[in-house]
Amino acid sequence: MSKKLKVTLRSDRGYLYFIIPCLGLMIKQYLDMQDTPENRLKARELAEQIDAEIRTNVFDFVKHFPGSKNIEKYKLGRKIAVNATLGEVIDMYKASLDKKLTRKEISKSTRKSYLAAISTVSRYLVLDKWISAFHQSEIQDMIEEMEEDELSGKTINNYMTPLNQVFELAYQRDIVDKNIMDRVKVPRYSKPPIHAFSKTEMLTILDYVNENHTKAYPIILFLFATGVRGGEMCACRWENMNFDKNYYHVKQGFAVHELGAPKTASSVRKVRIPEKLKLVLNDLWIEQGKPKKGFMFLTSYGEAYTSTRHIIKDYWKPTLKALVIPYRRMYNTRHTFAVLSIDAGVKLSEISRNMGHASMQMVLEVYSKPADEDPEENEFDSTFDM
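Start counting the sequence shown at 13; every next residue gets the next number (the working numbering).
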């Protein structure tokens, strides 16, 4: 049985033509051959030759069809000199940054930020894949994943700048036919407005999750009741939970699937655990066998969540849709915590300390207590009374 060719032979009004996969397109190329048994045999041999060239990355459209109108139509005049994986081109890009730094064309800070961005992007893409095999849609999918990981539009835009330079480098060195980044749609720069959930909306969400997504209930309640960031919630560990004094000690967080220390000193903090949340966490602790240490919130496979992506996809979005509540990012649980805390009469300094929010620290200038003191009791607990 003969193998299936990438190149398809077809007939149209008595003449043969090929459908040739090239540059991510399916190009229709007539052969100037009438559809006869003899010509079909010749066309089949040519198709096999082109197919072999495509599979080994040496196909030259111009060589086979020098007078074709498709050359100009699809910009097929460029010949690919070599092929390389995305990881290999990234290494070339890093070397080019070093040269630019030596020539003082870029600053040390720019080089550092570009390398950090490429490091992050690399976690979303397959590095050992031929760079010529990447399609615009794959970059678009990556951007959607970043948005689900709650990276801001500005941050994603910043990441796309060096990635665009990587693909442009591949284009300039004849490794790819075109820079696919030219057609990638990036998120808007504008920062989304803060739109907290009302107390009624919050309680409705919690009630629905408790009834329909029981496994996610401790997670969603924890976010609303503490105001922690999603990555901090994913990194919560039992050894940092103090049931006696009703607080959780935030020491780590996940960022782009990697566990690490918070970026700022104010992010290392003790957050108060309302009584209702304490009871839910205690039940979860018992359910897990009263572990002395380990991650608190686990997937169905018993592993830690390294991002909120699947929580958003499996629980958050379906819940808001079912309740017909206007969509807001799960990060807005943090804004909701701040607004409802103020409504409950909690001191602004206590809110600032609980959230580990540097900008609030700048506004307030002085805290009422040192950051290492235990959180004080307040009326926020009653916020979760149904």
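Every residue, glycine too, gets a C-beta built ideally from N, C-alpha and C.
Asked	Found
Spatial distance of residue 247 from residue 300 (CA atoms)	16 angstroms
Contact between the stretch 93-111 and the stretch 165-184 (3+ Cβ pairs under 8 angstroms)	yes
Rounded straight-line distance, which links the Cα of residue 60 to that of residue 308	57 angstroms
Proximity below 8 angstroms, CB of residue 262 to CB of residue 292	no
Contact test: residue 238 Cβ vs the ligand FMN heavy atom, cutoff 7 angstroms	By its list of ligands, the structure shown contains no ligand whatsoever, and the ligand FMN lies outside what it can speak to.
Same chain, Cβ closer than 6 angstroms to residue 193, neighbours up to 5 away in sequence not counted	176, 179
DSSP bridge partner residues for residue 28 (one or two, in chain order)	23
Distance between residue 152 and residue 136 (C-alpha atoms, nearest Å)	11 angstroms
Where residue 253 falls: helix, strand or coil (DSSP)	strand
Segment limits, alpha helix (DSSP H) that includes residue 342	That residue, residue 342, is in no alpha helix (DSSP H); it is neither H nor E in DSSP.
Residue 45 - DSSP class collapsed to helix/strand/coil	strand
Run of the beta strand (DSSP E) containing residue 11, from where it starts to where it stops	The requested residue 11 does not occur in the structure, where the chain is confined to residues 13 to 398.
Limits of the alpha helix (DSSP H) - the one that residue 79 falls within	Where residue 79 is concerned, there is no enclosing alpha helix (DSSP H), given that its DSSP letter is neither H nor E.
Bounding residues of the beta strand (DSSP E) (the contiguous stretch that carries residue 283)	281-284
Boundaries (first-last residue) of the beta strand (DSSP E) holding residue 262	259-262
Opening and closing residue of the alpha helix (DSSP H) in which residue 117 lies	From DSSP, residue 117 is part of no alpha helix (DSSP H); its letter is neither H nor E.
Coil, strand or helix - residue 38 by DSSP	strand
Cβ-Cβ separation, residue 170 to residue 441 (assumed contact under 8 angstroms), whole Å	Here the chain comprises residues numbered 13 to 398, so residue 441 is not present and cannot be evaluated.
Secondary structure of residue 309, DSSP reduced to three states	coil
Cα-Cα separation, residue 282 to residue 265	14 angstroms
First and last residue of the uninterrupted beta strand (DSSP E) at residue 270	270-272
Opposing strand residues paired with residue 97 [DSSP bridges]	142
The stretch 266-277 in contact with the stretch 316-328 per 3-pair CB rule at 8 angstroms	yes
Helix, strand or coil at residue 376 [DSSP, three-state]	Confidence at residue 376 is low in this model, with a pLDDT of 46, below 50, so its placement is unreliable and the value that follows should be read with caution. Residue 376: helix per DSSP, three-state reduction.
Proximity below 8 angstroms, CB of residue 207 to CB of residue 344	yes
Assigned exposure category for residue 119 - 16 Cβ within 10 Å defines buried	exposed
Cβ pair residue 255, residue 349 closer than 8 angstroms	no
As assigned by DSSP and simplified to three states, the class of residue 265	strand
Beta-carbon gap between residue 97 and residue 140 smaller than 8 angstroms	yes
Coil, strand or helix - residue 330 by DSSP	helix
Distance between beta carbons of residue 165 and residue 199, contact taken as under 8 angstroms	4 angstroms
Terminal residues of the alpha helix (DSSP H) in which residue 288 lies	287-299
Run of the alpha helix (DSSP H) containing residue 176, from where it starts to where it stops	165-184
Nearest-angstrom Cβ-Cβ length linking residue 335 and residue 220, presumed shorter than 8 angstroms	6 angstroms
Span separating the alpha-carbon of residue 310 from that of residue 327	14 angstroms
Reduced DSSP secondary structure (H/G/I, E/B, other) of residue 398	Note that residue 398 scores a pLDDT of 42, beneath 50, so its modelled location is shaky and nothing firm can be said.
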